[in-house]
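Protein chains in written order, with our numbering: chain A, 9 to 703; chain B, 3 to 104.
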């Protein structure tokens, strides 16, 4: 069954082809939805089958070898000089797939969550224009994302990377007739591209030094060439640091970390299922996946790993504070996503790669759940997204209420829900490596997360309804196509954590952290690097207690201010901290800062270049040259015409005239002349005759 | 005594011919020109007859009968043209007959 791996990315692409090209405008909404959901559903089933097949394969977990398949050589390259090996390598890129523990996890998450979001979209987008177009893009996205995670080389990953970026643009700007969505789409794509610049530099460095981009070959070579990786490269960095940093810059763009996170909140302009799928569960985790996949490089560069961890933690805290002051429910979730992604990078930065992926998985479930829930709310409110106009929705939207609550509990890190296990693992790893600063930031963020999420929850579902009369009449629970995915994801948000229960929670009696064990051989062993130490049980238990306390504190504050007092509580807080609140509500003015500096700079440069091009190059050079040439040519041609052509014509005339003047003199009209000439000619002939006769 | 040979006749013929040519080329009066033409033709006749005598053959004489005939015809035509021209232009001055000039 593993050989059918290539079908998994293909199925959504086929779906996109059908809905986007072949059957465009020709089938009913039901059929279009069926094709799209069917494609993803089949891919999901196939994934489950293949994952099962792979996990059951022979050998214990430690011996499980990755399954790789190359389809064809995409870029047959040539010989290049590299730093390792014999110096000359044959560099080529093939389209191939790799199946190992890491890709299994990602595959499961992407296809499973993706499928339920497709189902949800059928209900959510039922009354929208462009229904078929939506599903085309959604399928296209799934195909690209699957290429990304299943690829066996950075090249295939990059194809998927760019593909999801494109689909993100298409889907954010889905409501293209309005003004803001296309702008948001462009912002997302361009910000991504800035990150991709760094990413590509990293790829080039890899090619130049190792001559290959295929994971298996490349990572073996890297692990075997530790001195090379630690040697000096450019910009005062070691080779490993250079590559790691360059790749991480790409990750900050794709996964919305500082400094390139600015596109994600604006991406909420897209339909809610898009936010759920792309900006919560899948695309944004591509950066994390990439970093984890490249773990050997990060292991060899402790400096950049620290940078990753610090950026992650800082982003988590930063975004968490902003989430506290947002009124649009989707914006709260957007900043929450940025914050949780920060956690994932924090984990990766301290070397807890499996913890990072674990959080990817749990986060996918509860964040998708939260977004879909918010979509349900927005749908019921007829498009309203401002929480100040909501309230008391519990009785109108029971399914949404309970599932949203599950999601909120999960993200807050409440025990027994999925988020608790993954978040705790991350914090444990940070503390375990002695990074107390990072741990503190993470813990504070956990408290903040609980706080702002419950703020959103209470403002939306509790208290009195604050909307208009019309809106109140419109309130209704979502149809089954939307409600069932909520239920399924809610179950996932609880259960997904149980595969990674750390030993400490069972008081070191059981070793049931399956997840950790599963991902263990994704880590490439580098000879000479130390492995993390074990910690005392009491230490780990303390950390667990601290996590629970932080979550509890956040929930308590949330309840006191917003649970009991609703919007009035919000107003009280704003009154007490007006300055702080204003800064947070305006997201620390980051967008304004970028606009004033980078964006303005670019526009000014672009305008300047345009003026140079239009004014100097077009005006002076091109048009000037044209004028000169036209003038010169016309002058030349007129002179030519006047003197040469006319001269010739006139000359001919004059010659003929001369001849005729001459000949006219013969025609005297005087007969006697004629007679004389006649006679003379006759004499001449006779003389000639006589002379010739003599000779 | 001076022997009169064929040559004498030839010289006479030549002289008459030359006078005739002169007359055709250099005389003003059209009638004079016509007369000169007759003179040329007649000089030719003398020539022919002289050679006829010299060869003891009648060929030359017969040929000269032809030329006389032609001369007569041509004289008639020539005079006819002259009279027609005279009626038109009222003059017989050849140097004034420049209609063909150009």
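In this text, a Cβ means the ideal position worked out from N, Cα and C, and glycines have one as well.
- Within the same chain, Cβ atoms closer than 6 Å to the Cβ of residue 248 of chain A are found at 237, 305, 308, 309, the five residues on either side in sequence being excluded.
- Collapsing the DSSP output to three states places residue 83 of chain A in a strand.
- Listed along chain B, the residues sitting closer than 9 Å to residue 678 of chain A by beta-carbon distance are 96, 97, 99, 100, 102, 103.
- The bridge partners DSSP lists for residue 103 of chain A are A/80.
- Interface flag for residue 28 of chain B against chain A is set, since a Cβ pair is found closer than 8 Å.
- Secondary structure at residue 631 of chain A: helix, using DSSP grouped into helix, strand and coil.
- Look at the beta carbons and you see the segment 497-506 of chain A touching the segment 421-437 of chain A: at least three pairs across the two are nearer than 8 Å.
- Straight-line measurement puts the Cα of residue 140 of chain A at about 39 Å from the Cα of residue 526 of chain A.
- For residue 421 of chain A, the closest of A/409, A/442, A/462, A/387 by C-alpha to C-alpha distance is A/462.
- In the three-state reduction of the DSSP assignment, residue 509 of chain A falls in the coil class, being assigned neither a helical nor a strand state.
- Residue 222 of chain A sits buried, since 16 or more C-beta atoms from the chains shown fall within 10 Å of its C-beta.
- With respect to the 8 Å criterion, residue 168 of chain A and residue 152 of chain A are classified as neighbours on the basis of their beta carbons.
- Counting along the chain, no beta strand (DSSP E) covers residue 479 of chain A; the unbroken alpha helix (DSSP H) around it starts and ends at 477-482.
- With its beta carbon at least 8 Å from every one in chain A, residue 70 of chain B lies outside the interface.
- Taken atom to atom, the span from the alpha-carbon of residue 86 of chain B to that of residue 31 of chain B is near 15 Å.
- Listed along the chain, the chain A residues whose CB falls inside 7 Å of the CB of residue 67 of chain B amount to none; the nearest CB is some 24 Å away.
- Excluding residues up to 5 positions away in sequence, nothing lies with its Cβ nearer than 8 Å to the Cβ of residue 6 of chain B in the same chain.
- Between the alpha carbons of residue 40 of chain A and residue 435 of chain A lies a gap of roughly 45 Å.
- In this structure, the CA atom of residue 94 of chain B is about 23 Å from the CA atom of residue 673 of chain A.
- Per DSSP, the continuous beta strand (DSSP E) segment holding residue 97 of chain A begins and ends at 96-98.
- Between residue 441 of chain A and the set A/317, A/220, A/610, the nearest pair of CA atoms involves A/317.
- In summary, the residues of the segment 676-700 of chain A whose CB is separated from some CB of chain B by less than 7 Å are 676, 677, 678, 679, 680, 683, 684, 687, in the order they occur in the chain.
- By the CB criterion at 8 Å, residue 58 of chain A and residue 111 of chain A fall outside the cutoff.
- Annotated three-state conformation of residue 356 of chain A is helix, per DSSP.
- The C-beta distance from residue 335 of chain A to residue 395 of chain A rounds to 6 Å, short enough to meet the 8 Å contact threshold.
- The C-alpha of residue 144 of chain A lies about 44 Å from the C-alpha of residue 96 of chain A.
- For the segment 14-44 of chain B, the beta-carbon criterion of a distance under 8 Å to any beta-carbon of chain A is satisfied by 23, 26, 27, 28, 29, 35.
- Listed in chain order, the beta strand (DSSP E) runs fully inside the segment 345-409 of chain A amount to none, counting runs of at least 3 residues.
- Rounded to whole angstroms, the separation of the alpha carbons of residue 466 of chain A and residue 602 of chain A is 34 Å.
- Counting every other CB atom within 10 Å of its CB across the protein chains shown gives residue 199 of chain A a total of 16 or more, marking it as buried.
- Residue 319 of chain A places its beta carbon 8 Å or farther from that of residue 179 of chain A.
- Beyond the five residues adjoining it in sequence on each side, residue 324 of chain A comes within less than 6 Å, by CB distance, of 347, 350, 351, 453 in the same chain, given in chain order.
- The residues 133, in chain order, have a CB closer than 6 Å to that of residue 142 of chain A in the same chain once the five nearest residues on each side in sequence are set aside.
- For residue 228 of chain A, the uninterrupted alpha helix (DSSP H) run begins and ends at 223-232, by DSSP.
- Per DSSP, reduced to three states, the secondary structure at residue 246 of chain A is strand.
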